[in-house]
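Everything in the sequence shown is counted per this note's numbering, starting at 284 for the first residue and increasing by one. Here a beta-carbon is modelled for each residue, glycine too, at the ideal position from N, C-alpha and C.
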Amino acid sequence: MSDTEISVWSPEPGLLSEGPRWHEQRQELLWVDILGRKIHRATLTGDGQAGRIDTVELDRHVGVVAPVAAGGYVAAAVRAFLFVDESGTVTELACLTDAPNGVRFNDGACDERGRFWAGTMAYDKSPGVGALYRLELDGSISTVLTGFTIPNGIGWSPDGAVMYLNDSGAGCLYAFDVDLATSEPRNRRTLVAFEQPGPAPDGLTIDDRGDIWVAVYGGWAVRHYSPDGKFFGAVELPVAQATSCAFGGADRGTLFVTTGREQLDGQALARQPDAGRLFRVAGLGAHGPGCNLYRGTLPK
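Structural data, given as structure tokens:
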């Protein structure tokens with residue numbers, strides 16, 4: 284991908300920056316710092332650089348955030364779904380009751396129906412402990428899928444007929460058929476298997492053509508795949524821990540990539556001083572949709 288232009292976008296690094304979401308209606312980029320317990324939202328300048336950045340600090344690790352159609356944001360943090368209003372006030376919406384001890388929410392996203400999906404993982408990364416949950420429109424929680432290690436990077440094909448989900452622990456990108464009447468996933472299959480031990484698939488995004496862009500943790504890259512798992516190429520990064528990605532910007536043609544600096548020592552940071560920052564990738568010739576909004580019940 285020689286025609287691409289890669290630049291550092293965020294002024295400050297996070298410990299584990301994750302989950303970029305482009306809010307098309309507000310022309311804002313959202314992301315979290317999981318270990319830093321922060322939610323960020325930023326406007327863009329005319330040339331696509333970071334403008335004003337507003338930050339909400341939480342009292343717990345936060346895995347993912349999504350905008351709410353009525354205003355504010357929902358977040359999945361440790362074992363709870365939270366609502367964060369425009370002033371930064373945090374209200375707990377619902378809490379997991381059937382999850383094992385020692386787990387936290389990780390990645391997630393809203394579907395086209397406006398429901399908020401989020402996966403859990405064990406803090407010690409125990410195999411098979413993770414699950415995929417969904418915050419319904421009425422505020423209840425449904426357990427959708429179980430048996431994962433680190434569920435990551437959920438996304439849907441443009442027609443909604445296929446759901447994609449990474450398991451970083453298993454090193455697999457899975458595809459599921461979606462029942463269009465109920466939006467429930469079924470018929471899991473492995474689309475891409477990453478050689479393990481080694482770099483792992485982390486967050487992902489789907490572009491307007493249905494292609495899949497996968498951030499590879501430990502792989503120094505974002506990889507580009509066809510809907511059937513054919514490898515097209517990679518965007519090489521100057522940092523190892525690519526965590527997630529999303530298209531955004533005025534024409535939705537810029538790929539924003541979150542990265543981490545988790546457990547990097549001084550020697551590693553000297554080699555990759557921008558670890559933990561967001562990167563901006565232009566010139567890919569691809570565009571992606573803005574994120575779906577949560578449309579469920581909220582506290583009054």
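Hey, out of Arg544, Gly443, Asn435, whose CA is closest to Leu231's CA? An answer regarding residue 231 cannot be provided, because it is not within the stretch 284 to 583 covered by the chain.
Could you compute how far the alpha carbon of Leu561 sits from the alpha carbon of Pro350? Near 19 Å, if we compare the C-alpha coordinates of Pro350 and Leu561.
Among Val347, Gly329, Gln308, whose alpha-carbon lies nearest the alpha-carbon of Ala353? Gln308
By DSSP, does Ala558 sit in helix, in strand, or in coil? Under the three-state reduction of DSSP, Ala558 is assigned to coil, being neither helix nor strand.
For Asn435, write down the residues that DSSP places opposite it in a beta bridge. Answer is Asn449.
By how many angstroms is the C-alpha of Cys378 removed from the C-alpha of Phe364? 6 Å
I need the DSSP call for Ala525, collapsed to helix, strand or coil. strand
According to the Cβ coordinates, are Thr537 and Gly331 closer than 8 Å? In contact: Thr537 and Gly331 (Cβ atoms closer than 8 Å).
Among Asp342, Ala382, Gly443, the one whose alpha carbon lies nearest that of Gly397: Gly443
CB of Gly454 within 8 Å of CB of Ala483, strictly: yes
DSSP-derived helix/strand/coil call for Leu318: Of the three classes helix, strand and coil, the one that applies to Leu318 here is coil, per DSSP.
Measuring CB atoms only, is the region 574-581 touching the region 413-430, in the sense that at least three cross pairs come out at less than 8 Å? yes
Per DSSP, Phe514 forms a beta bridge with which residues? In the DSSP output, where bridge partners are listed per residue, Phe514 has Tyr508.
Which of helix, strand or coil does DSSP assign to Ala588? Lying outside 284 to 583, the shown extent of the chain, residue 588 is not represented and no answer is given.
Candidates Trp503, Val445, Pro556, Glu288: closest to Ile495 by CA position: Val445
Quick one: Cα of Ile336 to Cα of Arg324, how far? 6 Å
Can you tell me where the beta strand (DSSP E) holding Pro468 begins and where it ends? The continuous beta strand (DSSP E) containing Pro468 extends over residues 468-476.
Whole alpha helix (DSSP H) runs in the region 360-407 with 4 or more residues, listed along the chain? none
Report buried or exposed for Phe477, applying the criterion of at least 16 other Cβ atoms within 10 angstroms of its Cβ. buried
Gly481 versus Tyr500: straight-line alpha-carbon distance, rounded: As the crow flies, the alpha-carbon of Gly481 is around 9 Å from that of Tyr500.
Expressed to the nearest angstrom, what Euclidean distance is found between the alpha-carbon atoms of Ile322 and Thr432? 24 Å
Who does Ala565 pair with in a DSSP beta bridge? Here Ala565 is bridged, per DSSP, to Glu288.
Looking at C-alpha atoms only, which residue of Asn384, Leu448, Ala360, Val386 is the closest neighbour of Leu376? When only C-alpha atoms are compared, the closest one is Ala360.
CA nearest to the CA of Leu448, picked from Gly334, Arg471, Asp557: Arg471
Relative to the C-alpha of Lys408, which candidate in Thr541, Trp400, Ser451 has its C-alpha closest? Ser451
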